[in-house]
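Engineer: All you need for my numbering is the position in the sequence shown, starting with 1, plus 618. The beta carbon of each residue, even a glycine, is placed where N, CA and C say it ideally should be. Please read these numbers as outputs of a predicted model, since none were measured by experiment. One structure is given below, represented as structure tokens, and several questions about it will come after.
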Amino acid sequence: LTFADKADYDKIQEDDTIAIEGLTHFAPGKSLDLVLTHADGSQDRIVVNHTYNEQQIGWFKAGGALNIIRQQVAG
619 LTFADKADYD KIQEDDTIAI EGLTHFAPGK SLDLVLTHAD GSQDRIVVNH
669 TYNEQQIGWF KAGGALNIIR QQVAG
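This is the structure we're talking about:
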């Protein structure tokens with residue numbers, strides 16, 4: 619993942635919890651949102667880009683390439 623705005627890097631704190639939103643609509647060329655929850659409960663939302671292609675996204679959604687191979691062999 620890369621930051622759409624490189625200044626967003628400075629928003630991340632050491633003890634943040636990070637959630638990735640938008641994975642149900644994960645697609646090539648489409649950005650994702652990170653929600654940073656800071657120790658004090660405040661949140662920041664940042665946009666990140668990825669370089670995954672359709673095949674890699676399929677692997678990700680299946681839990682890994684081996685899971686896809688297992689499904690193909692079984693089915």
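Beta-carbon within less than 6 Å of A637's beta-carbon, same chain only, minus the 5 sequence neighbours each way: which residues are those?
Structural biologist: Within the sequence shown, numbered from 1, the residue matching residue 637 stands at position 19. Counting only Cβ-Cβ distances below 6 Å, and skipping sequence neighbours, we find V653.
Engineer: Does DSSP classify I686 as helix, strand or coil?
Structural biologist: Looking up residue 686 in the sequence shown gives position 68. Three-state result, I686: helix.
Engineer: Whose CA, out of E672, A657, D651, lies closest to the CA of Q631?
Structural biologist: Numbered from its first residue, the sequence shown carries residue 631 at position 13. For the residues E672, A657, D651, the minimum Cα distance to Q631 belongs to A657.
Engineer: Give the straight-line distance between the Cα atoms of G693 and F644, rounded to the nearest whole angstrom.
Structural biologist: On the sequence shown, position 75 is the one that residue 693 refers to. On the sequence shown, position 26 is the one that residue 644 refers to. Near 25 Å, if we compare the C-alpha coordinates of F644 and G693.
Engineer: State the Cα-Cα distance for the pair V691 and N671, rounded to the nearest angstrom.
Structural biologist: In the sequence shown, counting from the first residue as 1, residue 691 sits at position 73. In the sequence shown, counting from the first residue as 1, residue 671 sits at position 53. If you draw a straight line from the Cα of V691 to the Cα of N671, it comes to about 23 Å.
Engineer: For I687, count neighbouring Cβ atoms within 10 angstroms of its own Cβ and tell me buried if that reaches 16, exposed if not.
Structural biologist: Within the sequence shown, the letter at position 69 stands for residue 687. Classification for I687: exposed.
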